[in-house]
Amino acid sequence: MKNFDWASFTKRIAIKSPLSEVYEAWTVASKLESWFLERVIFTAGEKNLPDPMPQAKSGSAYEWYWYLEPKPMKGNILEANGEDFIRLTFEGPSVVDVKLSTLHEYTIIELRHHSIPQDDNSKQHIRLGCSNGWAFYLHNLKSVYEGGIDLRNKDPKMGVMINN
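When we follow our numbering, the leftmost residue of the sequence shown carries the number 90, and every step to the right adds one.
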């Protein structure tokens with residue numbers, strides 16, 4: 090494990106959907122809820138929070154609620170260019186870049202999770218845990234957008250599973 094990169098990882102997936110739709114899947118609250126989260130709130134990011142915004146913009150703050158998790162994950166949208174790039178904070182100080190491009194009839198998502206702290210807890214829960222989580226959620230995005238099937242477990246009677 091001497092040469093293992095604990096500070097970052099990259100995931101790529103091809104989705105047969107227009108780039109504009111995939112961009113909205115990452116930036117529109119209702120669309121994020123269709124494949125990723127139970128509930129999404131975007132705000133302007135100021136202390137006196139205004140009404141929730143339907144779409145993330147550069148400088149927005151977010152509250153993301155996961156299925157079977159009562160507390161939200163809070164963070165910031167550092168950049169959203171309105172077309173093919175989103176950068177956000179994730180799990181504290183780490184950063185996620187989502188870069189979209191096209192290849193033939195596919196939209197390619199390249200997700201880079203970086204700036205991961207180097208303490209043991211971050212190595213386990215962010216580097217390893219989020220790598221597995223992003224792999225599942227990218228596959229779920231593909232499933233929802235190509236076939237209409239949401240793979241997430243939403244039934245609280247089932248408890249926590251790999252697909253919550």
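Each residue gets a CB set at the ideal place from its N, CA and C atoms; glycine is no exception.
Residue i: CB within 7 Å of a non-hydrogen atom of the ligand ZN
i, result
"A145", "The ligand ZN is not among the ligands present in this structure, which contains no ligands whatsoever."
Boundaries (first-last residue) of the beta strand (DSSP E) holding residue i
i, result
"F93", "Segment: none, F93 is in no beta strand (DSSP E) and carries neither H nor E."
"K163", "162-169"
"E199", "195-203"
"K188", "183-192"
"I175", "174-179"
Cβ shell of residue i (< 6 Å), same chain only, five flanking positions each side left out
i, result
"M162", "W153"
"D186", "R176, R201"
"D239", "V233"
"M142", "F131"
Contacting residues, own chain, Cβ-Cβ under 8 Å from residue i (five flanking each side not counted)
i, result
"Y226", "W124, F125"
"Q207", "W95, A96"
"A224", "K100"
Continuous alpha helix (DSSP H) stretch holding residue i: start and end
i, result
"W115", "108-116"
Residue i, DSSP secondary structure in three states
i, result
"K146", "coil"
"W124", "helix"
"K246", "helix"
Own chain, CB closer than 7 Å to residue i, minus 5 neighbours either side, in chain order
i, result
"K231", "I102, I104"
"V117", "P143, Q144"
Evaluate the contact criterion for the stretch 105-122 versus the stretch 187-199: three or more CB pairs, one atom per stretch, below 8 Å.
-> yes
Any chance you could list the beta strand (DSSP E) runs of at least 3 consecutive residues sitting entirely within the stretch 203-239, in chain order?
-> The qualifying runs do not exist here; there are none.
Specify whether the stretch 210-220 and the stretch 142-157 touch according to this definition: at least 3 beta carbon pairs, one from each stretch, less than 8 Å apart.
-> no
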